[in-house]
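Residue numbers (the working numbering), protein chains in the order written: chain V, 507 to 1019; chain H, 13 to 456.
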């Protein structure tokens, strides 16, 4: 295996000197400069009753101008430069990224500094951004993508009662209470040098790094009090929350349970191999995909995760900027058909009362249990491990990605996660992977969230709660072409017992309030 | 009735583009005798290569009734194996080379791509050549895959924007195949399992060398790429099918579509029929610049409606490069549905103003700078470069037209912008689509 991409990483440097930590990645052949600031202040730092405050503060810092320039003037300044400024707030960090051409270093550097040292905090920008964030929580998340909705609902269930529960965008009641004064105060207390990391990559001048470093060292020092990330709740059996809405064409499903392992731990590499085989994101060679989509065409795809995966509907590869110390395992089953939809499409299915959700869940859980119980074959282990050794290098194809993953590495106490992971994977044994699955994976206790049509909610609840047989329902045209072995497997899967202990139905209007 | 056929706009000879072009890397192109084009772009990405195949077939080519969505469905079928590599073997080999691979389909094209270890380039060639020439799937696989397409439709359908888009095309077009989305109509998707025989015909028509361009970017040389292309694609037989697409009749009046959705941000989408992408004139490029002048975050409209008055959450606009006439778009996400008529007036007034008052030299220069810098900064990986070249390949048939297109952006004058606004952004070419909680939108 050729590992020459790693050469790029060897020239990355870290300077843990004088306050803030600096990660630099000089790329003298590039036309571009990337600057990143990662604050240790994600949504878990939102004060109770003001959920969404960190995200709103970050939005206002970048889209609210400075004390010298209004937001409109900043837009005018940046327009011809095509510079990209964006922020992302996650549970434990807020990351600001600035991508610009090397020609514009002298314009961007003072502006980047002003965003934080002399923020605008103008009332009209605050009202605008607050209204948009509230609109996202009240309307957009519920009505734009049922897949993203079910993912957010799963986190709400997993972390209920903790500082990890609410979406980074917040809650209705929390956002309504936020004032501009609260934003100013949050900025002073939470955007500090404590844990701040400055990243720089590309073709930047000798003085640029020092200028930025000196400027950001002048941010407040912070209180020294560290927030502790909320841990995922342990489900009692399988606990299902069905979110009922009108006019949903499918049932969007996420499942999950706590996972006490992150990138900092030695077992993470072993779990990565196990997970890649079971459900590598957007890969047709994973087991869940083959069983649910490829063999049965129940939906568009089925994947599993051992850490947060940002915007899986759009991203083919993992994104940096979402490091977390509190973790969980999850399975994503993309929308499957409801009974109402199937009956409309195929008259021969007029007698069914439940769509494909129950069967799909049984299939996914059965596959996970089988691999956990039986372990990998040597061939599957080697193929999957070797795949990952090559694949992880695709995570860092651009300067922004290289820099982002280096900065995430520091969060986990690692120097260079991608390079180190390659070494870990190289040393991994079949026994390591099989042992890790047995240690961390199980199928008896999980949370499940399903966003579905109101016509499906009650029948699905009854089917799940009573562990009813859930035969797979194919159209006659498809069924006639399927082999007997597959139909036999369907019969077995339809009876797989699930340890369902609780099923509740929540009206869509009641979520994230 | 006019028949549109693929037009090769520039002479396609082996060529190296000079350093003054917008793409700072040489495009090394070889045209094979069977019609296949092979493009190599060496790029400093040690050990990494992006391997793309652009097929100039998309939903535009779905001319038969009941076959909407077929180009996209067929893209799915391309992963279902051959005699040499069953779908399981194909998956195993793909996994063994550790590449990121996928495909996507749009109006005018289907693109297959894999990015991975450059030392595996020969395996990439072998796998792709095998399925592009010898694809073979069972009736069972065909019927099964149709369900996955329905799953894709189902996931998309939860977005009101997705539902609106489907209806906007259906409203704006009468007979051109842009009337349907690339995903297709649900009734046609449900019927896909019954179209096995047509799928064989589809493969025979379009998966031919004259429809395809291979683009390889990264740690590669053209000698190596061309040798592999000859070895694996050299015996691929040229086809002879040409799609006959009905020309859309002239629209004579504004059209409307409304989607009633409660508890969702009201939305106004104004479309105008605009010309196909062309390198013969700068109409597309002038419209593209105008859309940025009118609707970017720097625009007067954005400052007024989004920042000051806050009646809009966002505004955006643009024009998409297509082979046949398509749509210019101006969209607003509203704070309140009651503002629908006022915001419609604001947008139409701004468009009317653009016909009367020339864009200032300062804003025109700033917009051209923005386009140039945006492109330069986006060229930071083999994938990004391959994608950019792929776009110009499918829309013109000529990979190096990317450089000519950016020359046309530079050529746009304030008078050009007034001219295209006057010519294309008129009520008789307009379709107004809306989302609001109301049964009918209040537009006047």
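Beta carbons: idealized from backbone N, C-alpha and C, even for Gly.
1. Quick check: residue 688 of chain V and residue 943 of chain V, are their CB atoms within less than 9 angstroms of each other?
2. Can you find a CB in chain V that lies within less than 9 angstroms of the CB of residue 4 of chain H?
3. Would you call residue 73 of chain H buried or exposed, if buried means 16 or more other Cβ atoms sit within 10 Å of its Cβ?
4. Determine the burial state of residue 371 of chain H: buried for a count of at least 16 other Cβ atoms within 10 Å of its Cβ, exposed for fewer.
5. For residue 65 of chain H, would you say it is in contact with chain V, using Cβ-to-Cβ distances shorter than 9 angstroms as the test?
6. Note down, in chain order, each residue of its chain lying with its Cβ closer than 8 angstroms to the Cβ of residue 718 of chain V, except the 5 sequence neighbours on either side.
7. Using the Cα positions of residue 595 of chain V and residue 378 of chain H, report the straight-line distance between them to the nearest angstrom.
8. Leaving aside the five residues before and after residue 436 of chain H along the sequence, list all residues of the same chain whose C-beta is less than 8 angstroms from its C-beta, in chain order.
9. Helix, strand or coil for residue 783 of chain V? Go by DSSP, reduced to three states.
10. Indicate the three-state DSSP secondary structure (helix, strand or coil) for residue 43 of chain H in the structure shown.
11. When the cut-off is 9 angstroms and only beta carbons count, does residue 384 of chain H lie next to chain V?
12. I want to verify the contact list: residues of chain H whose CB lies under 8 angstroms from the CB of residue 653 of chain V, in sequence order.
13. Is there a Cβ of chain V sitting closer than 9 angstroms to that of residue 394 of chain H, yes or no?
14. Taking Cβ-Cβ distances below 9 angstroms as the criterion, which residues of the segment 882-914 of chain V are in contact with chain H?
15. Using a Cβ-Cβ cutoff of less than 7 angstroms, which residues in the same chain neighbour residue 728 of chain V once the five nearest sequence positions on both sides are dropped?
16. Report the neighbours of residue 929 of chain V on chain H: residues whose CB is nearer than 8 angstroms to its CB, in chain order.
17. May I ask which residues mark the beginning and end of the beta strand (DSSP E) holding residue 812 of chain V?
18. Under a three-way DSSP split, which group does residue 790 of chain V fall into?
19. Would you report the Cα separation of residue 567 of chain V and residue 526 of chain V, rounded to the nearest angstrom?
20. Can you say whether residue 958 of chain V is buried or exposed, counting buried as having 16 or more other CB atoms within 10 angstroms of its CB?
21. Expressed to the nearest angstrom, what Euclidean distance is found between the alpha-carbon atoms of residue 569 of chain V and residue 686 of chain V?
22. Where do the N-terminal and C-terminal ends of the alpha helix (DSSP H) with residue 965 of chain V fall, by residue?
23. Which two residues bound the contiguous beta strand (DSSP E) that contains residue 342 of chain H?
24. Return the first residue and the last residue of the alpha helix (DSSP H) that residue 142 of chain H is part of.
25. For residue 629 of chain V, does the three-state DSSP call read helix, strand or coil?
26. Residue 806 of chain V touches chain H at which residues, Cβ-Cβ below 7 angstroms?
27. Count the other C-beta atoms from every protein chain shown that fall within 10 angstroms of the C-beta of residue 993 of chain V, then say buried if there are 16 or more, exposed otherwise.
28. Any C-beta of chain H sitting closer than 9 angstroms to the C-beta of residue 933 of chain V?
29. Take residue 731 of chain V and list the residues in its own chain whose beta-carbon comes closer than 7 angstroms to its own, dropping the five residues that flank it on each side.
30. Are the beta-carbon atoms of residue 200 of chain H and residue 82 of chain H separated by less than 9 angstroms?
31. For residue 660 of chain V, which residues of its own chain have a beta-carbon under 7 angstroms away from its beta-carbon, when the five flanking residues on both sides are left out?
32. What residue ranges within the segment 895-978 of chain V form continuous alpha helix (DSSP H) runs of no fewer than 4 residues, ordered along the chain?
33. Contact criterion: CB-CB distance below 9 angstroms. Does residue 193 of chain H meet it with respect to chain V?
34. Which of the three DSSP states is assigned to residue 825 of chain V in this structure?
35. Would you please verify whether the beta carbon of residue 948 of chain V is less than 9 angstroms from any beta carbon of chain H?
36. Looking at residue 99 of chain H and residue 800 of chain V, is the spacing between their C-beta atoms short of 9 angstroms?
Here's the rundown:
1. Sequence index remark: in the first chain, residue 688 of chain V carries index 182 (1-based). Sequence index remark: in the first chain, residue 943 of chain V carries index 437 (1-based). In this structure, residue 943 of chain V does not lie closer than 9 angstroms to residue 688 of chain V by Cβ.
2. Because chain H is modelled from 13 through 456, residue 4 of chain H falls outside the range shown and cannot be assessed.
3. Working through the second chain from its first residue, we reach residue 73 of chain H at position 61. Buried: at least 16 other Cβ atoms inside 10 Å.
4. As a first step, residue 371 of chain H is located in the second chain; it is residue number 359 there, counting from the start. Result: buried.
5. For the purposes of this step, residue 65 of chain H is taken as residue 53 along the second chain, with counting starting at 1. With 9 angstroms as the cut-off, residue 65 of chain H does not count as an interface residue toward chain V.
6. As a first step, residue 718 of chain V is located in the first chain; it is residue number 212 there, counting from the start. So the qualifying residues of the chain are 541, 615, 618, 619, 704 and 706.
7. As a position in the first chain, residue 595 of chain V is number 89, starting the count at 1. As a position in the second chain, residue 378 of chain H is number 366, starting the count at 1. Rounded to whole angstroms, residue 595 of chain V to residue 378 of chain H spans 31 angstroms at the Cα level.
8. Your numbering for residue 436 of chain H matches position 424 in the second chain. Correct list, in chain order: 284, 285, 286, 287, 295, 299 and 340.
9. As a first step, residue 783 of chain V is located in the first chain; it is residue number 277 there, counting from the start. In this structure, residue 783 of chain V counts as helix in the three-state DSSP scheme.
10. Position 31 of the second chain, counted from the start, is the residue given in the question as residue 43 of chain H. Strand, per DSSP.
11. Within the second chain, residue 384 of chain H is the residue found at index 372, counting from 1. Interface residue, yes.
12. Against the first chain, residue 653 of chain V aligns to sequence position 147. Residues of chain H passing the Cβ test: 167 and 170.
13. The residue you call residue 394 of chain H lines up with position 382 of the second chain. Chain V, which has a Cβ nearer than 9 angstroms to the Cβ of residue 394 of chain H, makes this yes.
14. 889, 890, 892, 893, 894, 895, 896, 897, 898, 899, 900, 903, 904, 905, 906 and 907
15. In the first chain, residue 728 of chain V corresponds to position 222, counting from 1. In the same chain as residue 728 of chain V, and ignoring 5 residues on each side of it, the C-beta atoms closer than 7 angstroms to its own belong to 698, 699 and 700, in chain order.
16. Along the first chain, read from residue 1 onward, the residue named residue 929 of chain V stands at position 423. Here the premise fails: no neighbours, minimum Cβ distance about 16 angstroms.
17. Within the first chain, residue 812 of chain V is the residue found at index 306, counting from 1. Counting along the chain, residue 812 of chain V falls outside any beta strand (DSSP E), and DSSP gives it neither H nor E.
18. Here residue 790 of chain V refers to the residue found at position 284 when the first chain is read from its first residue. In this structure, DSSP gives residue 790 of chain V a state outside helix and strand, which the three-state scheme calls coil.
19. For the purposes of this step, residue 567 of chain V is taken as residue 61 along the first chain, with counting starting at 1. For the purposes of this step, residue 526 of chain V is taken as residue 20 along the first chain, with counting starting at 1. Whole-angstrom Cα-Cα distance: 20 angstroms.
20. In the first chain, the residue the question calls residue 958 of chain V occupies position 452. Residue 958 of chain V should be labelled buried.
21. Translated into the one-based positions of the first chain, residue 569 of chain V becomes position 63. Translated into the one-based positions of the first chain, residue 686 of chain V becomes position 180. Their backbone Cα atoms lie some 14 angstroms apart in a straight line.
22. Along the first chain, read from residue 1 onward, the residue named residue 965 of chain V stands at position 459. Taken as a continuous stretch (DSSP letters only), the alpha helix (DSSP H) holding residue 965 of chain V covers 960-971.
23. For the purposes of this step, residue 342 of chain H is taken as the residue at position 330 of the second chain. 338-346 is the extent of the beta strand (DSSP E) around residue 342 of chain H.
24. Residue numbering aside, residue 142 of chain H sits at position 130 when the second chain is read from its first letter. Here the alpha helix (DSSP H) through residue 142 of chain H covers 133-146.
25. Counted from its first residue, the first chain places residue 629 of chain V at position 123. In this structure, residue 629 of chain V counts as helix in the three-state DSSP scheme.
26. The residue labelled residue 806 of chain V in the question sits at position 300 within the first chain. The contacting residues are 160, 163, 164 and 167.
27. Against the first chain, residue 993 of chain V aligns to sequence position 487. Burial call: exposed.
28. Numbered from its first residue, the first chain carries residue 933 of chain V at position 427. Answer no: the Cβ-Cβ gap between residue 933 of chain V and chain H never drops below 9 angstroms.
29. If you number the first chain from 1, residue 731 of chain V lands on position 225. The answer is none, since no qualifying residue turns up.
30. The residue labelled residue 200 of chain H in the question sits at position 188 within the second chain. The residue labelled residue 82 of chain H in the question sits at position 70 within the second chain. Closer than 9 angstroms, so yes.
31. Taking the first chain and counting its residues from 1, the one referred to as residue 660 of chain V is at position 154. 760, 762, 836, 953 and 955.
32. 905-917, 923-933, 936-946 and 960-971
33. Here residue 193 of chain H refers to the residue found at position 181 of the second chain. Closer than 9 angstroms: no.
34. In the first chain, residue 825 of chain V corresponds to position 319, counting from 1. Coil, per DSSP.
35. Counting from one through the first chain, the residue named residue 948 of chain V turns up at place 442. No, because no Cβ of chain H sits closer than 9 angstroms to the Cβ of residue 948 of chain V.
36. Here the question's residue 800 of chain V lines up with position 294 in the first chain. Here the question's residue 99 of chain H lines up with position 87 in the second chain. Yes.
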